[in-house]
Amino acid sequence: MQSPTETEEARKGSLNERLDRHMAWKREFFRTRSPPPAIGRIHRRQAGHKGGAPVHITFKRAREIAFQQTPSDDCAAAHDVPNSQEDSTEPLKMSRHKQWLAQMREERARRSPFTDLQIHSNAQKTVIMANLHPDTIEEDVRRFADQFGRVVQVRIVRHNRTGKSRRYAFVEYGLTGEARRATTYSKKKRLKGRSIIIDIERGRIEVGFLPKRLAEAARYEPSDADTKIYEKSTSQLTNASVLDSQRMMKSVESNECDDDDAFLNAILNN
Numbered sequence: 172m173q174s175p176t177e178t179e180e181a182r183k184g185s186l187n188e189r190l191d192r193h194m195a196w197k198r199e200f201f202r203t204r205s206p207p208p209a210i211g212r213i214h215r216r217q218a219g220h221k222g223g224a225p226v227h228i229t230f231k232r233a234r235e236i237a238f239q240q241t242p243s244d245d246c247a248a249a250h251d252v253p254n255s256q257e258d259s260t261e262p263l264k265m266s267r268h269k270q271w272l273a274q275m276r277e278e279r280a281r282r283s284p285f286t287d288l289q290i291h292s293n294a295q296k297t298v299i300m301a302n303l304h305p306d307t308i309e310e311d312v313r314r315f316a317d318q319f320g321r322v323v324q325v326r327i328v329r330h331n332r333t334g335k336s337r338r339y340a341f342v343e344y345g346l347t348g349e350a351r352r353a354t355t356y357s358k359k360k361r362l363k364g365r366s367i368i369i370d371i372e373r374g375r376i377e378v379g380f381l382p383k384r385l386a387e388a389a390r391y392e393p394s395d396a397d398t399k400i401y402e403k404s405t406s407q408l409t410n411a412s413v414l415d416s417q418r419m420m421k422s423v424e425s426n427e428c429d430d431d432d433a434f435l436n437a438i439l440n441n
């Protein structure tokens, strides 16, 4: 059996041995190494390339060289393309204007507020609220209109294809006095930051009334009076031209007769 001194010496010896092995591993792992070899500059500038030069100068020079090499007809054709496009913009605008006029004319022909069976509200109790926010819904308009009286019906006018709001609505009240109160005390009333314009429904009250967009399109339509004036002026011009031509013919004939008489008198006198 080993004595305490021998066991302690054995532990110390094993500990020192482990320390020696650890130090040897540490010296091997963390030893100093030589630096890696230099590889030089990675990004090298290409030969003949000037840094900072804009690209459009090179492109412009290439176009000049190309136009010098190609015949002049191709250049003229290339330069004539923008002019043809500019000339074609005016007929395009006119065609769009005519299309808009035709569309407004069709809507004006279909418009019949007095005979429309889908309109069930009373014209005397209905008001129109314009300048609405595009995101306004019927419930918002109802809450806004409740301050003037009892609201019976609310309808926001929307586009028949896209469904977007046209930013005005028809509101029907229970009494005529409530509709009159809404049009009277509607100043400085706002809904979603927009000043609301309230007016009576003139489409079924005033004969010949047109909405703003239809009235704007009607301004470009030639009226019957204008056509009559134009026809009258053209007829006067044609009559005047005919009279002038007749006078010229008479003057020519008279000159010819005078010349013949003078010629005969000269012969007889001789």
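Read in order, the letters of the sequence shown correspond to residues 172 to 441 in this note's numbering. No residue lacks a Cβ here, since even glycine has one placed at the ideal position from N, Cα and C. Predicted, not measured: the structure shown is a model, and the values here were computed from it.
Name the DSSP beta bridge partners of S336, please? R329
Would you call the stretch 361 to 373 in contact with the stretch 287 to 298, where contact means no fewer than 3 C-beta pairs closer than 8 Å? yes
Just confirm the distance between the C-beta atoms of V322 and R313, as a whole number of angstroms; I'd bet it's less than 8 Å. 5 Å
Got a sec? Which residues, its chain only, sit under 7 Å from G184 by beta carbon, not counting five neighbours each side? Contacts found: none.
Nearest-angstrom Cα distance between D429 and R390? Caution applies to D429, whose pLDDT of 49 falls short of 50 and renders its modelled position unreliable; the model cannot decide the point.
Helix or strand or just coil, what does DSSP make of F238? helix
Pair within 8 Å by beta-carbon distance, I368 and R361: One thing to note: I368 has its Cβ no nearer than 8 Å to the Cβ of R361.
In the structure shown, what three-state DSSP assignment does D311 receive? helix
CA-to-CA distance, H268 to R326, given in whole angstroms: 31 Å
Could you check whether R352 and F319 sit closer than 8 Å to each other, using their CB atoms as the reference points? Yes, Cβ-Cβ distance for F319 and R352 is below 8 Å.
In the stretch 268 to 292, which residue ranges form an unbroken beta strand (DSSP E) of at least 3 residues, counting only runs that do not cross its ends? none
Mark Y356 as exposed unless 16 or more other C-beta atoms lie within 10 angstroms of its C-beta, in which case mark it buried. Here Y356 is exposed: its Cβ has fewer than 16 other Cβ atoms, across all protein chains shown, within 10 Å.
Is F201 helix, strand or coil by DSSP? coil
Which runs of the beta strand (DSSP E) at least 3 residues long sit entirely within the stretch 352 to 391? Give them in chain order. Qualifying beta strand (DSSP E) stretches, in chain order: 368 to 371.
When the Cα atoms are used, what is the spatial distance from S209 to R202? Residue identity differs from the one stated: residue 209 is Ala in this sequence, not Ser. Taking the CA atoms as reference points, A209 sits about 21 Å from R202.
Taking D311 as the reference, which of P206, K363, R189, F230 has the closest Cα? Closest option to D311, Cα to Cα, is K363.
Span of the beta strand (DSSP E) around A294: It is not in any beta strand (DSSP E) - A294 carries neither H nor E in the DSSP assignment.
Can you tell me whether K209 is helix, strand or coil according to DSSP? At residue 209 the sequence reads Ala, which differs from the Lys that was named. Residue state, collapsed to three classes: coil.
Could you name the residues of the same chain whose beta carbon sits closer than 8 Å to that of E309, not counting the 5 residues immediately before and after it, in chain order? V325, R326, I327, A340
Could you tell me how far apart the beta carbons of R338 and N302 are, in whole angstroms, since I believe they sit closer than 8 Å? Going by Cβ atoms, the distance from R338 to N302 rounds to 7 Å, so yes, they are a contact pair.
Look at the Cβ atom of E343, then the Cβ atom of S266, and state whether they are nearer than 8 Å. no
In three-state terms, what does DSSP make of F496? Missing from the structure shown is residue 496; the chain here goes from 172 to 441 and no further.
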